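Protein chains in written order, with my numbering: chain A, 485 to 746; chain B, 27 to 663.
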Amino acid sequence: MKFTLNIWRQKGSDERGRFVTYEAHDVSSGMSFLEMLDGVNQRLIVKGEEPVAFEQDCREGICGSCSLVINGIPHGPDRGITTCQLYMRRFPDGAVITIEPWRARAFPIIKDLVVDRRALDRIMQAGGYVSVPTGGAVDGNVLLISKDQAETAMDAASCIGCGACVAACKNASAMLFVAAKVSHLALLPQGKPERTSRVKAMLEAMDREGFGSCGNQNECEAVCPKRISVCFIATLNREYLRAGVVEPGLPAEPESPHAESV
Amino acid sequence: MMKLDPKIPPGPLETKWDRRRFSEKLVSPTNKRRITVIVVGTGLAGASAASTLGQLGYQVECFCFQDSPRRAHSIAAQGGINAAKNYQDDGDSVGRLFYDTIKGGDFRSREANVYRLAQVSTQIIDQCVALGIPFAREYGGQLANRSFGGVQVSRTFYCRGQTGQQLLLGAYSALCWQIERGQVTMRPRTEMLDLVMIDGLARGIVARDLVTGRVSIHTAHAVVLATGGYSNVYYLSTNASGSNVTATYRAWKQGAAFANPCFTQIHPTAIPPGDAHQAKLTLMSESLRNDGRLWVPTMPADHRCPGDIPAGERDYFLERRYPRFGNLAPRDLASRAVKAVCDEGRGVGPGGQGVYLDFADVIGQQGLDVVRERYGNLFDMYQRITGEDAYHAPMRIYPAPHYTMGGLWVDYNLMSTIPGLFVIGEANFADHGANRLGASSLMQGLADGYFILPYTIGHYLATAKLTPVGEDHQESRAALQRVTSRVSRLLNAKGCRTAASFHREVGQLLWNHCGMSRNQEGLKSALTSIPALREEFWRDIMVPGSGEAFNQELEYAGRVADYLEFAELLCHDALHREESCGAHFREEYQTDDGEPQRDDSRFAHVAAWEYREGTSPVLHKESLAFEFVQPTTRSYQ
């Protein structure tokens with residue numbers, strides 16, 4: 485098989501970028517999309533030209549590194565997968581394929597198809613954890629957690645932090661990313677003590693980083709490689725609302741366990 | 027002269043760790059604030075160590091080459107984590123986990139280390155639950171368990187097929203908390219390229235900022251390496267493409283002993299390799315062997331569809347060879363059994379490199395829905411890669427390099443032969459001997475990071491004489507110079523071959539001669555081919571672009587250059603070990619029915635190699651004394 489690729493090239497964050505056209509030859513249908521790009525890069529290197537920079541690491545859909553917008557869709561045409569899990573059998577021979585980086589104000593381009601996603605880490609640092617020190621934890625079976633609740637928490641926790649949700653959203657909102665973490669921890673007893681402060685801190689950090697607000701159009705769920713449901717955005721909104729009711733007008737602080745009955 | 031002192035506390039096994047913790051010196055809270063510790067790597071071991079050290083009050087500077095600490099390769103571990111909780115009341119105990127691990131490692135690990143690992147395993151689960159990790163639960167709300175290879179109890183805790191992800195995100199969240207508190211300074215996209223040694227102590231690292239290309243010196247009171255394993259030396263492996271040997275190999279060249287490099291685990295259940303462009307092998311979790319049955323046709327070159335082959339003409343070779351453990355035989359035995367049937371011409375699929383992993387029986391007994399709930403994501407992954415539906419036809423699998431038991435030598439306190447250089451997780455050699463059991467790597471990474479290193483490093487920091495050092499110290503400058511001259515050498519070669527082409531070549535060489543089975547002749551030939559290939563690399567490598575910018579090809583070429591040296595060390599070690607044990611199978615040392623022959627009289631030792639410039643590495647031996655268990659022939663039949 486062979487393909488024509490229109491690839492976004494940009495030398496650095498301050499430079500202007502542009503599309504450059506490359507031909508990909510000798511592609512087999514069993515090749516992954518990234519292996520096809522490897523092939524293009526190998527030919528560029530031998531010619532002494534700079535290869536196309538793109539991110540990848542585990543190549544099995546879990547590390548969240550790969551981040552390509554393929555023909556306008558983050559992670560490409562198939563649902564529920566990352567770019568590295570896309571195979572060339574998905575494209576007709578001779579197709580023209582456009583490849584771009586994640587585009588969002590909060591994700592400045594580093595080079596070509598590589599963007600800086602540290603804004604997501606900073607949202608996590610604002611509250612995406614349980615403040616529990618190492619050591620002294622009670623036995624894992626002391627707090628029982630129903631199977632359904634654990635499974636729902638796991639659905640949310642499976643977010644890989646790739647940022648496709650941001651790239652797909654016309655507001656470049658990180659709501660699904662924040663919702664996944666807030667819901668995961670709010671669903672479990674261990675996350676309850678900081679439930680109120682967490683949701684406020686993470687949403688404030690999201691705004692601070694320059695992500696937009698939710699447009700309620702659900703593109704995020706459509707491109708999420710882990711199929712994280714927008715229902716968790718509803719959970720996030722409910723948690724945020726609740727945080728306002730539990731301590732109206734007060735700064736976000738951990739509440740006493742007795743307040744949980746509200 | 028290098029001395030290997032394992033510093034194992036004397037006395038009863040059960041109380042060694044307690045006694046060591048009591049006898050160690052502590053650092054006062056005020057002094058901790060003035061101490062800086064560098065942690066390189068943010069996988070399970072690195073992230074848990076950095077967060078715990080931060081919480082204890084040390085200033086931590088933490089490095090990873092990925093764009094975020096959350097992307098370290100621990101994230102890809104699928105199956106689960108072991109702990110001697112005995113929640114199933116099926117006869118498990120700390121003693122049994124200890125024995126299973128020692129035996130699984132074919133009696134090539136230290137008793138004291140492994141016992142401690144089994145002891146802290148239970149704390150790990152409690153800690154992870156406290157961090158909000160959504161482990162699988164029973165309907166009654168208790169934690170669920172499953173079985174894993176090489177054991178007869180059910181002690182593996184899991185989060186669907188994404189246990190590594192959840193444990194890593196837990197450790198990452200703890201790290202985030204310490205970053206927010208200002209205890210940890212996180213430096214993502216920064217790669218360690220050398221170790222700074224001052225007065226014989228590890229005092230810092232040289233790192234390259236992968237975005238700007240700036241090479242800089244970072245000094246500290248101690249350095250912790252949590253940089254993972256080196257399976258990628260084989261080119262095709264189940265590791266992430268960024269995983270590499272550079273940090274540990276650079277430390278080796280500064281004087282840290284490298285132990286048992288030839289103990290490389292080949293995992294039995296990966297998707298078979300396809301065409302020449304393939305960049306990685308994808309693992310199918312070992313948990314599949316709980317319900318899947320491995321078989322090949324009884325007759326060689328049987329090209330019928332699997333469904334057309336009647337039961338009588340199928341060889342369920344693991345059940346036949348290891349009736350007590352069946353499809354749950356340990357990884358090393360399973361991989362070799364797969365290789366054996368493929369070598370007999372009974373392999374299936376393209377090139378005869380594959381065997382069936384069949385779920386028809388369990389689907390028949392328990393229904394499609396049960397199997398889908400248990401393994402759905404793995405079946406989906408298989409379908410995407412191969413285009414085949416494993417619910418209706420058996421999967422095809424073949425072994426792939428997966429984990430490395432070898433690593434930098436460490437004593438009981440996890441300190442290398444360089445004072446002040448600690449090594450944790452897969453990067454060290456300690457706990458798995460010659461073969462690792464499934465669901466034990468997550469346990470070891472978190473044991474080292476949460477519960478062992480934070481204690482033992484304190485003793486070093488409290489007792490070592492550490493004068494202030496800076497970037498302008500002559501040893502710091504020398505380390506920086508080593509890095510910059512290497513970077514410019516890579517950029518200036520301007521040859522006509524890519525780093526990947528050399529990587530593929532050295533990987534193929536190792537896979538053929540130092541892979542699932544090894545022999546003297548093959549290893550010797552590899553030892554003559556590797557230096558020639560290395561010379562060609564430095565003559566003919568092409569790295570476009572500049573060193574003062576984001577340059578992925580430069581990063582990669584540097585790692586390949588280290589593989590080309592490290593491959594030689596691997597072969598030296600495999601050649602020296604004239605026995606078959608665990609994952610190391612020397613064809614000369616096997617029984618008539620192809621089972622490995624261990625030689626305790628000559629090889630009950632850790633082989634620790636010392637770097638010597640311009641000559642072959644020098645071997646030092648740490649003999650393994652077994653006071654509490656009797657090494658036996660490791661039988662799973």
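Ideal Cβ positions, reconstructed from N, Cα and C, are used throughout, including at glycine. Since the structure is predicted, the reported quantities are computational estimates derived from the model, not experimental observations.
Per-residue burial, Arg500(A) [other beta carbons within 10 Å of its own, 16 or more giving buried]: exposed
Taking CB distances under 8 Å as the criterion, tell me whether Glu723(A) reaches chain C. Of the protein chains in the structure, A and B, none is chain C.
May I ask you to list, following chain order, the residues of the segment 576-602 of chain A that have a beta carbon less than 8 Å from some beta carbon of chain B? Ile594, Lys595, Val598, Asp600, Arg601, Arg602
Between the segment 133-158 of chain B and chain A, which residues of the former have CB atoms less than 7 Å from a CB of the latter, in chain order? Ile151, Asp152, Gln153, Val155, Ala156, Leu157, Gly158
Please report the distance separating the alpha-carbon of Gly187(B) from that of Ile101(B). 11 Å
Excluding sequence positions up to five away, which residues of its chain have a Cβ less than 8 Å from the Cβ of Arg276(B)? Met218, Leu219, Asp220, Leu221, Asp588
Going by beta-carbon coordinates alone, are Tyr506(A) and Val524(A) separated by less than 8 Å? yes
Can you find at least 3 beta carbon pairs, one from the segment 462-480 of chain B and one from the segment 104-112 of chain B, that sit closer than 8 Å? yes
Are the C-beta atoms of Pro570(B) and some chain A residue less than 8 Å apart? Chain A contact via Cβ: present.
In the DSSP output, what is Ser220(B) paired with across the bridge? The question names Ser, but residue 220(B) in the sequence shown is Asp. Val232(B), per the DSSP bridge assignment.
From what residue to what residue does the alpha helix (DSSP H) around Pro214(B) run? DSSP places Pro214(B) in no alpha helix (DSSP H); its state is neither H nor E.
Below 8 Å, can you find three or more Cβ-Cβ pairs linking the segment 194-207 of chain B to the segment 86-102 of chain B? yes
Which class does Cys653(A) belong to by DSSP, given the choice of helix, strand or coil? coil
Could you check if Arg213(B) is buried or exposed, using at least 16 other CB atoms within 10 Å of its CB as the buried criterion? buried
Against chain B, does Met572(A) count as a neighbour if the rule is that its beta carbon must be under 8 Å from one of theirs? no
Can a CB atom of chain B be found closer than 8 Å to the CB of Tyr613(A)? yes
His602(B) vs Ala633(B) beta-carbon contact at 8 Å: yes
Assuming contact is defined by CB atoms lying nearer than 8 Å, are Ser313(B) and Arg523(B) in contact in what I supplied? No; because the gap between Cβ atoms is not below 8 Å, this pair is not in contact.
Given Trp278(B), which residues of its chain have a CB within under 6 Å of its CB, disregarding the five upstream and five downstream residues? Phe284, Tyr637
Measure the C-alpha to C-alpha separation of Asp406(B) and Ala282(B) and round it to an integer number of angstroms. 43 Å
When Cβ atoms are compared, which residues of the segment 534-548 of chain A fall closer than 8 Å to chain B? Glu534, Pro535, Ala537, Glu539, Gln540, Asp541, Cys542, Arg543, Glu544, Gly545, Ile546, Cys547, Gly548
Supposed contact pair Ala386(B) and Pro294(B) - C-beta distance, whole angstroms, cut 8 Å: Contact flag wrong, Cβ pair sits at about 19 Å.
Using a Cβ cut-off of 8 Å, pull out every chain B residue sitting near Asp691(A), in sequence order please. Those within 8 Å of Asp691(A) in chain B number zero; the least Cβ separation is about 17 Å.
Entirely enclosed beta strand (DSSP E) segments - the segment 402-433 of chain B, minimum 3 residues: 421-430
Using C-beta distances below 6 Å, list every residue in its chain close to Ala162(B), excluding the 5 sequence neighbours before and after it, in chain order. Around Ala162(B): Ala170, Tyr184.
Do Val404(B) and Gly176(B) have their C-beta atoms within less than 8 Å of each other? The question names Val, but residue 404(B) in the sequence shown is Leu. It is not a contact, given that the beta carbons lie outside the stated cut-off.
Beta-bridge pairing of Val322(B) - partner residues as DSSP gives them: Asp341(B)
Mind checking which residues open and close the alpha helix (DSSP H) that includes Trp435(B)? Taken as a continuous stretch (DSSP letters only), Trp435(B) belongs to no alpha helix (DSSP H), as it is neither H nor E.
Can you tell me whether Gly578(A) is buried or exposed? The criterion is at least 16 other CB atoms within 10 Å of its CB, across all chains shown. So Gly578(A) ends up on the exposed side.
By a C-beta neighbour count over all protein chains shown, 10 Å radius and 16 as the cutoff for buried, is Met568(B) buried or exposed? It is buried - the Cβ of Met568(B) has at least 16 other Cβ atoms within 10 Å.
State the beta-bridge partners of Trp278(B) as determined by DSSP. None; Trp278(B) has no bridge partner.
Quick one: which chain A residues come within Cβ less than 9 Å of Met469(B)? Result: empty, since nearest Cβ-Cβ is about 14 Å, beyond 9 Å.
Got a sec, what are the start and stop residues for the alpha helix (DSSP H) Tyr125(B) sits in? 120-130
Please decide whether Glu206(B) counts as near chain A, where near means a Cβ-Cβ distance under 8 Å. yes
Short of 7 Å Cβ to Cβ, which residues in the segment 284-306 of chain B face chain A? Gly300, Asp301, His303, Gln304, Ala305, Lys306
By alpha-carbon positions, which one of Ala593(B), Leu262(B), Val586(B) ends up nearest to Ile297(B)? Each of Ala593(B), Leu262(B), Val586(B) was checked against the Cα of Ile297(B), and the nearest Cα belongs to Leu262(B).
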